[in-house]
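Protein chains: 2
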Amino acid sequence: MVALQQKKTDSLNPLDVLQEQMASDMDAVNVMILQNMQSEVPLIPQLASYLIAAGGKRIRPLLTLSCTALFDGDMKRAHALSAAVEFIHTATLLHDDVVDDSDERRGKKSANVVFGNEASVLVGDFLFSRAFQLMVSDGNLDILRILSNASAVIAEGEVMQLAAQNNIDTTMTEYEAVIEGKTASLFAAACEVGPIIADQPKEIVSAMRNYGLYLGMAFQVIDDVLDYNANREKLGKAVGDDFREGKMTAPVIFAIQKADATEREFWQRTLGDKNQNDADLATAQQLIKKHNTLAQGIEMAQTYGGRAIASLEIIPDGTLKETLKDLISFTINREF
Amino acid sequence: MVALQQKKTDSLNPLDVLQEQMASDMDAVNVMILQNMQSEVPLIPQLASYLIAAGGKRIRPLLTLSCTALFDGDMKRAHALSAAVEFIHTATLLHDDVVDDSDERRGKKSANVVFGNEASVLVGDFLFSRAFQLMVSDGNLDILRILSNASAVIAEGEVMQLAAQNNIDTTMTEYEAVIEGKTASLFAAACEVGPIIADQPKEIVSAMRNYGLYLGMAFQVIDDVLDYNANREKLGKAVGDDFREGKMTAPVIFAIQKADATEREFWQRTLGDKNQNDADLATAQQLIKKHNTLAQGIEMAQTYGGRAIASLEIIPDGTLKETLKDLISFTINREF
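In order, the protein sequence lines correspond to chains C and G. Each residue of the first sequence is one higher than the one before, starting from 1 at the first, in this note's numbering. Each residue of the second sequence is one higher than the one before, starting from 1001 at the first, in this note's numbering.
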């Protein structure tokens, strides 16, 4: 048993396990995605497939699928709604890259670099509309309400992040509001849709929503921690994007809380005034190491992870529930 | 009677008349708009009110209101849905200005200049989501379908326009597909919503949809004609925006159809290769005058206007119907 467990940990992480458990459903979602990004306007499928084909973890549709399967819900409906969730996510990625003026996404040149900002904005709008068309075809007003609310909250989170950018006085409370909006709200909605498809009672719906919400919070905090993680650099992954953009994330907010006068000047110059030179990222990483704030971020993510696990308590035990539980610690302990 | 008619024509145009007839409802729509653009994130109402307070003709919500009143529909529902229609329009304006890199909108600096492209993209997304939240609150799935379809078609039209930009071989058929998508589809949806609120039979719903569609086509063709109209310059309005952006619109497509080799070279250099000098707009206007293509555009708009009038035939006569009829010729004959 221990050996088996060991083998599983070595070869398949919980995300892989979930992907295996949901493989045939995920294939159906991919078909829905391909079908629904078609248009008589060739640039739309060209740009959409550029981004979608680049992969990504597909974690949000996977959550909708597994949270539907968990309660024996209608998987055909889950396929369409998972595609809708992924379209909302893809639309926000396209718009984010324009907003952040990004050069790279999923290890490729970002769509705005290849197709231009204009096309990225408009194809984002198209995918967003397609998401709503898919939801309207499903016809459940609760689901429409949940996902239109999530979309509004995502936009609010992104605007909040923009307003906080380059402001080194950003508080942890403000940071948590930003990541709840921009990330956790869609995780929450993706999970909530499942039990609604399966006609589950309110307390189950709300438990799954909370699972998604706290998983999303943990996921984003870890994303922000990894952006300063030197180990990640060794894996050939980009680090320092948030630093260069002056984004106020957990590792720097914690570091600024502990900064002496000289350090505070450093953060003001580099993040506040966006006056950076080549050596600054290394200095930022040193300060973060000195104050041990990556560990602080991981601790924060663990607190959210604990809440996510607690949310699952009222759900009947089973293989899928176990995988969803494992997904939490995997999300927190990942190095990529 | 003739004197009265004359007086009305002198002082109030049909758009003013419609605004007067719908004044108290329009006030209610404005309240809905103000309430629903609120957010805990201050930048959102700041940016939204900057654009919305700048006015604009509010023609789309006015159409939803009058097409509901025409059939004694529930005006309370029409207020919320008119606000949704205006939010969709406002979101597309915000994104358009980013896409076109515009400096001016409604006689003021455009929002992207004042607040930045980033904020314009994100607040556009927010307003778009709010539109869907308003529709979900209304709860009619037909209306949700109509407006989510319109949103997807608008995005398709905008992408099509982007792809046609700087291509002097763009055909009239392609141009008509662009303006049907980017403009007429929302006019059509705005009008279609009214009889649906009022539970009208299919043929009435379809008649009002067609009225909006053809009115929208006429409206956009005239907009494109006015962009080359020297008279408009005398009124202090901007001309030549489409020319500078290399947009392929009716006046130039008709002129290119009639161009000799030298003229074609001119269009290729200025629109195709975007290599323009200060004297080029005047030359473009001369060529358009030489080939009389503004008149050709107006004729095209009149054809659409005729179809819009024909669409109203099956609607019972009344004051409001007369105003909607008058609105067609006003749309075509306006100089601003």
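Glycine included, C-beta positions come from ideal geometry on N, C-alpha and C. All of these numbers come straight from a predicted model, not from anything done at the bench.
Check: Arg1232/G in three-state terms, based on DSSP; Outcome: helix
Check: Reduced DSSP category for Glu1203/G - H, G, I as helix; E, B as strand; rest coil; Outcome: helix
Check: Where Phe71/C falls, given that 16 or more other Cβ within 10 Å makes a residue buried; Outcome: buried
Check: Cβ-based contacts, 7 Å cut-off: residues of the stretch 1070 to 1092 of chain G near chain C; Outcome: none
Check: Contact under 7 Å by Cβ, Ala255/C with Leu287/C; Outcome: yes
Check: Limits of the unbroken alpha helix (DSSP H) element including Pro980/G; Outcome: Here chain G has residues from 1001 to 1336 only, and residue 980/G is not among them.
Check: Same chain, Cβ closer than 6 Å to Gly1157/G, five either side skipped, listed in chain order; Outcome: Val1178, Gly1181, Lys1182
Check: Alpha-carbon spacing of Lys76/C relative to Asn140/C, whole angstroms; Outcome: 14 Å
Check: Chain G within 7 Å of Leu141/C, Cβ atoms only; Outcome: yes
Check: Per-residue contacts from Ala1152/G into chain C (C-beta, under 7 Å); Outcome: Phe126, Ser129, Arg130, Gln133
Check: Through-space distance from Thr1068/G to Asn1117/G, alpha-carbon basis; Outcome: 36 Å
Check: Glu1192/G: contacting residues in chain C (beta-carbon distance under 8 Å); Outcome: Within 8 Å Cβ-Cβ: nothing; Glu1192/G doesn't reach chain C, min ~15 Å.
Check: Contacts around Ala1091/G, its chain only, beta-carbon distance under 6 Å, and the 5 residues preceding and following it disregarded; Outcome: Gly1124, Leu1127, Phe1128
Check: Residue range of the unbroken alpha helix (DSSP H) whose run includes Ile315/C; Outcome: That residue, Ile315/C, is in no alpha helix (DSSP H); it is neither H nor E in DSSP.
Check: Test item: CB-CB of Ala1152/G and Arg130/C under 7 Å; Outcome: yes
Check: Contact set for Val193/C: own chain, Cβ-Cβ below 6 Å, skip 5 residues either direction; Outcome: Thr64, Leu81, Ile143
Check: Cβ contact (3+ pairs, closer than 8 Å) linking the stretch 192 to 206 of chain C and the stretch 272 to 288 of chain C; Outcome: no
Check: Start and end residues, alpha helix (DSSP H) containing Glu1086/G; Outcome: 1075 to 1100
Check: Whole alpha helix (DSSP H) elements within the stretch 1232 to 1288 of chain G, 4-residue minimum; Outcome: 1241 to 1245, 1250 to 1257, 1261 to 1267
Check: Chain G residues whose Cβ lies nearer than 8 Å to that of Leu122/C; Outcome: His1095, Val1099, Ala1155, Glu1158, Val1159, Leu1162
Check: Through-space distance from Glu1322/G to Met1300/G, alpha-carbon basis; Outcome: 22 Å
Check: Start and end residues, alpha helix (DSSP H) containing Ile1033/G; Outcome: 1023 to 1036
Check: Below-7 Å beta-carbon distance, Leu1004/G vs any chain C residue; Outcome: For Leu1004/G, the predicted structure reports a pLDDT of 39, less than 50, and the residue's modelled location is therefore unreliable. A value from the coordinates is still provided. Answer no: the Cβ-Cβ gap between Leu1004/G and chain C never drops below 7 Å.
Check: In DSSP terms, what Glu104/C is bridged to; Outcome: Lys109/C
Check: Nearest to Ala164/C (by Cα), restricted to the options Ala1150/G, Glu1176/G, Ala1119/G, Ala1164/G; Outcome: Ala1119/G
Check: Asn1117/G, DSSP secondary structure in three states; Outcome: helix
Check: Positions along the stretch 163 to 183 of chain C whose CB lies within less than 8 Å of some CB in chain G; Outcome: Ala163
Check: C-beta contact flag for Val98/C and Met1160/G at 7 Å; Outcome: no
Check: Endpoints, alpha helix (DSSP H) assigned at Glu335/C; Outcome: From DSSP, Glu335/C is part of no alpha helix (DSSP H); its letter is neither H nor E.
Check: Between the CA atoms of Asp1273/G and Trp1267/G - distance to the nearest angstrom; Outcome: 9 Å
Check: Neighbour flag for Arg1145/G against chain C, beta carbons, 7 Å; Outcome: yes
Check: Proximity of Asp241/C and Asp227/C at Cβ, strictly below 7 Å; Outcome: yes
Check: Segment limits, alpha helix (DSSP H) that includes Arg60/C; Outcome: 59 to 69
Check: Integer Cβ distance of Met355/C from Leu62/C, believed to fall under 8 Å; Outcome: Shown here, chain C extends from 1 to 336; a query on residue 355/C therefore has no answer.
Check: Straight-line Cα distance separating Leu294/C from Val136/C; Outcome: 43 Å
Check: Every unbroken alpha helix (DSSP H) inside the stretch 1147 to 1196 of chain G [4 residues or more]; Outcome: 1172 to 1179
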